[in-house]
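What follows is a set of notes on a single structure, which appears directly below.
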Amino acid sequence: ATCAVPSLVDFVAVHLDAFAGRSSRVEQFAPVLDKYRSRKRDDRVHTVVGGDFTTHIHGVATLHPGLTGDDYWFYRLWRGRDDRTASFAWNQTEAEWWQAHVFNHTSLLDPFDKHADSNHNPSVTLAGLKLWGGKLDWLLFDTDFFVCDDKRVSTPNVASDHPYLRIDLRLK
399 ATCAVPSLVD FVAVHLDAFA GRSSRVEQFA PVLDKYRSRK RDDRVHTVVG GDFTTHIHGV
459 ATLHPGLTGD DYWFYRLWRG RDDRTASFAW NQTEAEWWQA HVFNHTSLLD PFDKHADSNH
519 NPSVTLAGLK LWGGKLDWLL FDTDFFVCDD KRVSTPNVAS DHPYLRIDLR LK
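Add 398 to the 1-based position in the sequence shown for our numbering, that's all there is to it.
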């Protein structure tokens, strides 16, 4: 959707495949990034992207190809990296990886916590071992054009299995 404020704003809704694997989710998101970059050339068009990125694969879950949808998991374990999408770090959540490797060359920012144990990103553990979980939902805005005045997260599991994310933006 596009909205006219004093300029045009593209609103993009995203829902990426939960079990496709990280590299496949990056590929699924590529057309959104391409559209953002092409529209960014026009200074009158600004972008807000929100949705379920399902960036939840980290910890023990990265070792299970049935959860990741990734046939190269053993190669990553052996070599310590994923050649299809950039460096792989065991000490990062998938959301932290996305912020560092997908959004680092853009002015798109999600102001919410990327850590696996934030209050709106619960993890599943078994005997203290983290199995699954992390940041699912993102709300990105273009920092070249917007300032975030406030952000809010709803109480988890009230109306959905996803929290309601809200940001209050104003043009710079």
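Idealized CB from N, CA, C, for every residue including glycine.
Starting from Val424, follow the alpha helix (DSSP H) in both directions and report where the run begins and ends. As a first step, residue 424 must be located in the sequence shown, where it is residue number 26. From DSSP, the alpha helix (DSSP H) with Val424 extends over Arg420 to Lys438.
Starting from Ala498 and walking both ways along the alpha helix (DSSP H), at which residues does that stretch end? Along the sequence shown, one-based indexing puts residue 498 at 100. From DSSP, the alpha helix (DSSP H) with Ala498 extends over Glu492 to His499.
For Ala525 and Glu494, the rounded distance between their alpha carbons: Numbered from 1 along the sequence shown, position 96 holds the residue referred to as residue 494. Numbered from 1 along the sequence shown, position 127 holds the residue referred to as residue 525. The straight-line gap from Cα to Cα measures roughly 25 Å.
Can you tell me which of Val446, Arg437 and Leu431 puts its alpha carbon nearest to the alpha carbon of Phe409? Within the sequence shown, residue 409 is the residue found at index 11, counting from 1. Ranking the options by Cα distance to Phe409, first place goes to Val446.
Cα separation between Arg423 and Gly532? The residue you call residue 423 lines up with position 25 of the sequence shown. The residue you call residue 532 lines up with position 134 of the sequence shown. One C-alpha to the other measures close to 15 Å.
Thinking just about the alpha-carbon of each residue, which of Ser436, Ser505 and Asp559 is nearest to the one in Phe544? Taking the sequence shown and counting its residues from 1, one reaches residue 544 at position 146. Cα-wise, what sits closest to Phe544 is Ser505.
The beta strand (DSSP E) that contains Ala411, what's its start and end? Sequence index remark: in the sequence shown, residue 411 carries index 13 (1-based). Element bounds for Ala411: Leu406 to His413.
Assign Thr452 to one of three DSSP states: helix, strand, or coil. Counting from 1 along the sequence shown, the entry for residue 452 is found at position 54. If DSSP states are grouped into helix, strand and coil, Thr452 belongs with coil.
Quick one: residues in its chain with C-beta nearer than 6 Å to the C-beta of His444, no 5 flanking neighbours on either side, listed in chain order? Within the sequence shown, the letter at position 46 stands for residue 444. Val407, Asp540 and Phe543.
For Pro561 and Glu492, the rounded distance between their alpha carbons: Here the question's residue 492 lines up with position 94 in the sequence shown. Here the question's residue 561 lines up with position 163 in the sequence shown. C-alpha separation (whole angstroms): 18 Å.
Applying the 10 Å Cβ sphere with the 16-neighbour rule, what's the burial state of Arg420? Taking the first residue of the sequence shown as position 1, residue 420 is located at position 22. The residue is buried, with at least 16 neighbouring Cβ atoms inside 10 Å.
Starting from the Cα of Gln426, find the closest Cα among Tyr434, Leu414, Arg435 and Arg437 and give me that residue. Along the sequence shown, read from residue 1 onward, the residue named residue 426 stands at position 28. Ranking the options by Cα distance to Gln426, first place goes to Leu414.
Bridge-paired residues (DSSP) for Leu563: Walking along the sequence shown from the start, residue 563 turns up at place 165. Val551.
Cutting at 6 Å between CB atoms, please list the residues of its own chain near Ile565, excluding the five before and the five after it. What you label residue 565 is simply residue 167 of the sequence shown in a count that begins at 1. Excluding positions up to five away in sequence, the list reads Leu537, Cys546 and Lys549.
Going straight from the alpha carbon of His454 to that of Phe417, what length do you get? Position 56 of the sequence shown, counting from 1, holds the residue named residue 454. Position 19 of the sequence shown, counting from 1, holds the residue named residue 417. C-alpha separation (whole angstroms): 10 Å.
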